[in-house]
Amino acid sequence: MQEQSAPETAVENDPRHDFSGIQVKQDGSFILTLNGCPFHATQAETPEVHARITRALEEGAGSTPYVEPVPTQEENEQHERIWRDQQINRVSWLRDRHRDELQLERRTSLTAEQYAELLDYLQALRDWPQSLEFPAASSRPAAPPWITSQIH
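Note that our numbering has the sequence shown beginning at 1, numbered continuously upward.
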């Protein structure tokens, strides 16, 4: 029966585990190139590789601090459009319920003033991508404060 080596030794002696470009994240994990591909080595998910990188650093291998990539303008715009679409979906049912209640000639859950504020908010969400401040999150349209009590 052949003795099994420790996982770290198996990775360390395996020529298929070629790494370079070690970047150290603040959480103690590593971003590197492993076998020609980007790789995130963590203690919890990839302990063998993480241990090998730790040993290499202790033995003098070079590393640099990891710097999060800065999102592009296009990525920021996409992210904010997703947020905007989620907000529209989150409150559209209030508009629909109000319309249904009116059609059924029932007492409405929203006052006429709340309904107007809701419509203004939905329109502001739709118009926001054309504003000069878009995609700054600080310029997001603010929901009327009463909406939270209707949703939760």
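Virtual Cβ for every residue (Gly too), placed ideally from N, Cα, C.
- Leaving aside the five residues that flank Q23 on each side, the residues in its chain whose CB is nearer than 6 Å to its CB run, in chain order, I31, T64, Y66.
- With the rule of 3 Cβ pairs closer than 8 Å, the stretch 130–139 does not count as touching the stretch 96–115.
- Per DSSP, the beta-bridge partners of A41 are F30.
- Taking R81 as the centre and dropping the five residues before and after it, the same chain places the C-beta of P129 closer than 7 Å to its C-beta, in chain order.
- Excluding five sequence positions before and after E117, the CB atoms of its chain that fall closer than 7 Å to its own CB belong to P144, given in chain order.
- In the three-state DSSP reduction, T54 falls in the helix class (H, G or I).
- Scanning the stretch 55–94 from its first residue to its last, no whole alpha helix (DSSP H) run of 4-plus residues comes out.
- Annotated three-state conformation of S139 is helix, per DSSP.
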